[in-house]
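Residue numbers (the UniProt record's numbering): 1 to 90.
Beneath this line is the structure, given in structure tokens, with notes to follow.
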């Protein structure tokens, strides 16, 4: 995976709009057990952006739980994106 091949769109939820920010990646940390056969349990990564981002109505921080989460505790992460095919959404 070459991080220079990727751009991150921030504040984009409607592909017909032009009011969003584009940032490059400086690092990607993929879960070490990602890609294990027949499992999506570790389908997660941390993306580090190359520049700081100003928060807006459409660009906000991810909310973390108020209570402690312990190693090994089951949790759920949600998001959206392409789940099939290799088409370009832009």
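Yeah, the Cβ is synthetic: ideal placement off N, Cα and C, and Gly gets one too.
- At a Cβ-Cβ threshold of 8 Å, residue 3 and residue 25 count as neighbours.
- Put simply, the region 27–34 does not touch the region 55–71. Fewer than three CB pairs are less than 8 Å apart.
- Per the coordinates, the alpha-carbon of residue 71 lies some 18 Å from the alpha-carbon of residue 40.
- From the listed residues 76, 27, 1, the smallest Cα separation to residue 42 is found for 76.
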